[in-house]
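The sequence shown begins at 2 in the numbering used here and counts up by one.
The next block holds one structure in the form of structure tokens; read it before the comments.
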Amino acid sequence: MQCQHCKVKSVFYKNYVQLSAVGIAARRVSARNVARSTRSNAIKTNRSSTSHHASVNKYVNRRTSLFKSNRPVKAPSSRATIRTHDSIWDSEGRLIQLGDIVSIVDDEDGLPYFAQIRGIITDTHGDQCVVLNWLIPTDTAFDAHQFDAQHFAHAISDDNLYPLEVCTFIQTAPDLLAYRREWTPRLCAEEQLRREMHDRLANLKSVACERLRFIDG
């Protein structure tokens, strides 16, 4: 039989072994938790560092920070187009408007010819141009090269573009009904035909009167 002292010693040894096993397991679990926590923190740190460098490092470093304050921006693509205007400033600082009267000097005879501005255009090169309705003097005009609104009529609607710099400003649109109308090429042609028919009719009347006088005489 086992003595009382041996029984106590055996029980104490079993308890010691159990406590030792529990302590070892606890230390292992604690070590695993610490390792997992450390690994997780390292992954988070690497991710944040990688994302930070991916977004900033391309544009902010020792070499490029001296030359680039902002990220480069692509310039918007624009196409040159023809623009129309109701008014525009010429090289002398004068405001040119639709309906104004201008003159252009002919290269051959050196005399001025008059026209009314029908359109103002800036072309694809940025040059200022005008579209004109040419004016011709009537029979009552005192001087064909001295403008008088009451003695000039609209004759030709020109589709050519004339540089604004070759035009000399004469006056703003006269306060007459004929100069306030929108003279299209069709209206100019019809007006020209009407004047020609009127002149022919007047000539026929004068010839008829002369013949009647001759017969009566």
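From the three backbone atoms N, C-alpha and C, an ideal C-beta is built for every residue, glycine too.
Taking the alpha-carbon positions, what's the L205 to P138 distance? Taking the first residue of the sequence shown as 1, we reach residue 205 at position 204. Taking the first residue of the sequence shown as 1, we reach residue 138 at position 137. Using only the alpha carbons, I get a separation of about 22 Å.
Rounded straight-line distance, which links the Cα of F115 to that of F143: Residue mapping note: residue 143 aligns to position 142 of the sequence shown, counting from 1. Residue mapping note: residue 115 aligns to position 114 of the sequence shown, counting from 1. Distance between the alpha carbons of F143 and F115 is about 15 Å.
Based on Cα-Cα distance, which residue from F148, L136 and Q129 lies nearest to D87? On the sequence shown, residue 87 is found 86 positions in, with the first residue counted as 1. In this structure, Q129 is the residue among F148, L136 and Q129 with its C-alpha nearest to the C-alpha of D87.
Coil, strand or helix - H152 by DSSP: Looking up residue 152 in the sequence shown gives position 151. In the structure shown, H152 sits in a helix (DSSP, three-state: H, G or I).
Let me check understanding here. Comparing Cα to Cα, which of H146, N161 and L202 lies closest to D110? Here residue 110 refers to the residue found at position 109 of the sequence shown. Out of H146, N161 and L202, H146 has the C-alpha closest to the C-alpha of D110.
Can you tell me whether DSSP reads Y88 as helix, strand or coil? Within the sequence shown, numbered from 1, the residue matching residue 88 stands at position 87. Position check: residue 88 holds Ser in this sequence, whereas Tyr was assumed. Residue state, collapsed to three classes: strand.
Would you call C210 buried or exposed, if buried means 16 or more other Cβ atoms sit within 10 Å of its Cβ? Here residue 210 refers to the residue found at position 209 of the sequence shown. Burial call: exposed.
Can you name the start and end residues of the alpha helix (DSSP H) that L178 belongs to? As a working mapping, residue 178 is identified with position 177 in the sequence shown. Taken as a continuous stretch (DSSP letters only), the alpha helix (DSSP H) holding L178 covers L178 to R181.
CA-CA distance, L178 and T82? Taking the sequence shown and counting its residues from 1, one reaches residue 178 at position 177. Taking the sequence shown and counting its residues from 1, one reaches residue 82 at position 81. In a straight line, the C-alpha of L178 is about 34 Å away from that of T82.
Considering only their Cβ atoms, is the gap separating I157 from I102 smaller than 8 Å? Here the question's residue 102 lines up with position 101 in the sequence shown. Here the question's residue 157 lines up with position 156 in the sequence shown. No, the pair does not count as a contact, with Cβ atoms beyond the cut-off.
Spatial neighbours of I121 in its chain, beta-carbon cut-off 6 Å, leaving aside the 5 residues before and after: The count along the sequence shown starts at 1 and reaches residue 121 at position 120. Around I121: H86, I89 and V131.
Classification of L165 by the beta-carbon crowding that lies within 10 angstroms, buried from 16 upward: For the purposes of this step, residue 165 is identified with residue 164 of the sequence shown, where counting begins at 1. Answer is buried; the Cβ neighbour count reaches 16.
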